[in-house]
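FYI, this note's numbering numbers position 4 of the sequence shown as 4, with every residue one higher than the one before it.
All C-beta atoms in this analysis are idealised placements derived from N, C-alpha and C, irrespective of residue type, glycine included.
Small disclaimer: the values here were computed from a predicted structure and weren't measured.
Some notes on the structure that comes next.
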Amino acid sequence: MALAQGALAASFSVSGQSFKVTAEKLVGSGFSQYGAIDSGKSLEGKDEHHPVAVSAFKKATINNLCQSVVTPTPFGNVSLLLRAGGGSKPVEASNLYIDVADLSADATFNNIDIGVAAKDASKGPGMKGGSEQANPFGFAQQADSATLTDVKQTAWATTAGTFKLSGLKMSLATGTKECY
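Put into structure tokens, the structure is as follows:
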């Protein structure tokens, strides 16, 4: 496995929990998206496979990021909430890969190509590799840039070469408290 100039090839099994993310705005350059399967274990330790759309950006800024995950415990649910990128300092990321199970947003793409073979999607940072299972000859799309607003998504994994969380606030709460 190679690490080169902040590019990570993720090599991990996903946890048995997806997580929710909201963002007021994501502006990314060097965008590509392709289908893959994330594999891991359920909270009970059983093998699981999750179909995902991998959204990849060479660079991205994110305004008003919220990430939440709810974990069941013997004493009830515990929620982890993470917020960053509020005010004038957005979250900044490079070589960002988001393994998305569900997404809603308003999106604008510049110079988009739809139907590219995943291995040939050269506008983005390339296919992630590692433990993901993706067909290099499968469907992909790419664009010079993408702007997404009012983002709500459920994801299984996020990987980045760098991930700068300005104004980070992390909190735990009992019960179910999610970004949406």
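A direct Cα-to-Cα measurement between Ala118 and Cys179 gives close to 31 Å.
Here the C-alpha atom of Thr71 lies approximately 19 Å from the C-alpha atom of Val100. Within the segment 14-98, not a single complete alpha helix (DSSP H) segment reaches 4 residues in length. According to the DSSP secondary-structure assignment, Thr147 is paired through a beta bridge with Val27 and Thr108.
Among the bridge pairs identified by DSSP, Phe163 is matched with Ala93.
DSSP lists Asp99 as the beta-bridge partner residues of Ala157.
Looking at the backbone, the Cα of Asn95 and that of Ser29 are separated by about 10 Å.
In the three-state scheme derived from DSSP, where H, G and I count as helix and E and B as strand, Ala118 is classed as helix.
Going by beta carbons, Tyr34 and Ala93 fall outside the 8 Å limit. Residue Asp113 holds the alpha-carbon nearest to the alpha-carbon of Gln142 among Asp113, Leu165, Ser88 and Lys164.
Of all C-beta pairs linking the segment 11-19 to the segment 40-52, three or more are shorter than 8 Å, placing the two stretches in contact. Distance from Lys20 to Thr154 at the Cβ level is roughly 6 Å; contact confirmed, criterion being Cβ atoms closer than 8 Å. Residue range Lys169 to Thr174 is occupied by the beta strand (DSSP E) that includes Ala173. In this structure, Asp102 lies away from Asp150, with their beta-carbon atoms at least 8 Å apart. Only residues of its own chain outside the window of five on either side were considered, and among them Ala23, Leu26, Gly85, Pro90 and Val91 have a CB closer than 6 Å to the CB of Ile62, listed in chain order. Within the same chain, and ignoring the five residues on either side of Ala140 in sequence, the residues whose Cβ sits closer than 7 Å to its Cβ are Ser32, Gln33, Tyr34, Val116, Ala117, Ala118 and Ala121. Under the three-state reduction of DSSP output, Lys152 falls in the strand class.
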